[in-house]
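Its first residue numbered 1, the sequence shown is counted upward by one per residue in my numbering.
Backbone N, C-alpha and C fix where the C-beta goes; we use that ideal spot for every residue, glycine too.
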Amino acid sequence: MKRTTLLTALAALPLCGCAQDASTTNQTETAAMPATNRTLVVYYSRTGENYAVGNIAEGNTAIVAKMIAAKTGADLFEIKTEKAYAASYDVCIEEAKKELREDARPAIVGDVANFDQYDTIYVGYPIWWGVPPMCVFTFFEKHDWAGKTVKPFCTHEGSGLGGSVRAIRKALPAATVTDGLAIQGQTAQNDRPAAQSAVDRWLGK
Ligand SMILES: Cc1cc2nc3c(=O)[nH]c(=O)nc-3n(C[C@H](O)[C@H](O)[C@H](O)COP(=O)(O)O)c2cc1C
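Pasting the structure below:
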């Protein structure tokens with residue numbers, strides 16, 4: 001690419017908030033990127049019918065995950081299960097309870113390319129029965145977390161972080177797991193400025 005063309009292309013990029021979808025990054029693309037991104041936001045979030053928010057097209061945790069990625073310039077990866085949870089809240093509650101009882105590891109689709117390149121990983125999830133959904137643990141077990149700093153964040157409808165940070169520390173003993181951020185799901189969904197302020201305060205700490 002000619003130098004002038006390159007400069008024009010660079011000028012067209014936003015100055016900050018360059019979050020990229022890590023799921024679409026492959027070895028070749030990463031090699032061609034100007035700098036290696038060391039921060040990743042990985043999250044699970046469910047659409048469909050949920051408590052206090054009705055039928056949602058974008059999950060509450062997804063909204064917060066995107067705010068964090070935009071603010072930090074992190075890559076973004078969404079955990080997706082092979083078999084989607086029910087769109088019905090009542091049915092999903094039962095599915096989640098069964099998975100928790102069985103300590104299940106539901107299969108997930110795809111993976112983060114070049115997980116090794118990240119040293120700070122924000123992990124986001126809804127609180128399900130006091131802890132992250134079991135598919136988050138499926139993701140944990142796919143990777144080597146030694147030396148990583150993990151920053152948990154969740155959305156919930158009353159439990160706050162519940163037992164999730166404890167569960168993550170137990171699952172990832174080789175990582176340093178910081179204190180987490182909890183935002184009420186209906187705030188993320190219906191009051192973006194309030195959710196953004198909570199995110200900004202947490203990131204500023
Ligand atoms: C299966 C299931 C279990 C839940 N368990 C809890 C819970 O234990 N405590 C709580 O505060 N909220 C609970 N909730 C509410 C969710 O944590 C909340 O709606 C969250 O914002 C959903 O995030 P999402 O849209 O990213 O999936 C539960 C919701 C579902 C669907």
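Examine chain B for any beta-carbon lying closer than 8 angstroms to the beta-carbon of ALA69, and answer yes or no. Of the protein chains in this structure there is only one, and it is not chain B.
Per-residue burial, ARG46 [other beta carbons within 10 Å of its own, 16 or more giving buried]: Classification of ARG46: buried, given that the 10 Å Cβ count is 16 or more.
Measure how close the beta-carbons of TYR85 and GLU94 come, nearest whole angstrom, since I'm counting them as under 8 angstroms. Actually they do not touch by this definition, with Cβ atoms about 10 angstroms apart.
Give me the Cα-Cα distance between ASP111 and ILE121, rounded to the nearest whole angstrom. Their Cα atoms are separated by approximately 14 angstroms.
On the DSSP bridge assignment, give the partners of PHE115 in chain order. In DSSP, PHE115 forms no bridge with anything.
Taking only heavy atoms of ligand 1 into account, decide whether any of them is closer than 7 angstroms to the Cβ of GLY54. Relative to ligand 1, GLY54 has its C-beta separated by 7 angstroms or more from all heavy atoms.
Determine the burial state of GLY204: buried for a count of at least 16 other Cβ atoms within 10 Å of its Cβ, exposed for fewer. By the 10 Å Cβ count, GLY204 comes out exposed.
Kindly indicate which three-state DSSP category TYR44 falls into: helix, strand or coil? TYR44 falls in the coil class under three-state DSSP.
Identify, in the order they occur along the chain, each residue of the same chain with its Cβ nearer than 7 angstroms to the Cβ of ALA104, setting aside the five sequence neighbours on each side. Sequence-distant Cβ neighbours of ALA104 in its own chain, meaning closer than 7 angstroms and more than five residues away, are MET134.
Could you tell me which residues DSSP puts in a beta bridge with ALA182? Among the bridge pairs identified by DSSP, ALA182 is matched with CYS154.
Helix, strand or coil at GLU49 [DSSP, three-state]: Taken through DSSP and simplified to helix, strand or coil, GLU49 comes out as strand.
At a threshold of 7 angstroms, does ILE93 count as lining ligand 1 (C-beta to nearest heavy atom)? Yes.
Is the CB-CB distance between ILE79 and TYR44 below 8 angstroms? With contacts defined by Cβ atoms closer than 8 angstroms, ILE79 and TYR44 form a contacting pair.
Rounding to the nearest angstrom, what Cα-Cα distance links ARG166 and GLY124 in this structure? About 14 angstroms.
With distances taken Cα to Cα, identify the nearest neighbour of GLN117 among ASP200, THR61, ASP144 and THR155. Check the Cα spacing between GLN117 and each of ASP200, THR61, ASP144 and THR155: the tightest is with ASP144.
Residue range of the unbroken alpha helix (DSSP H) whose run includes VAL91: Run containing VAL91: 89 to 101, per the alpha helix (DSSP H) assignment.
Which residues have their C-beta within less than 5 angstroms of a heavy atom of ligand 1, listed in chain order? Close to ligand 1, as judged by a C-beta nearer than 5 angstroms to any of its heavy atoms, are the residues SER45, ARG46, ASN50, TYR51, GLY59, ASN60, THR61, CYS92, ILE93, ALA96, PRO126, ILE127, TRP128, TRP129, GLY130, THR155, HIS156, GLU157, GLY158, SER159 and GLY185, in chain order.
Where the alpha helix (DSSP H) containing VAL131 begins and where it ends: Unbroken run through VAL131: none, as it is neither H nor E.
Selection from GLY48, ALA57 and LYS83 that minimises the alpha carbon distance to ASP90: Nearest to ASP90 by C-alpha distance, out of GLY48, ALA57 and LYS83, is GLY48.
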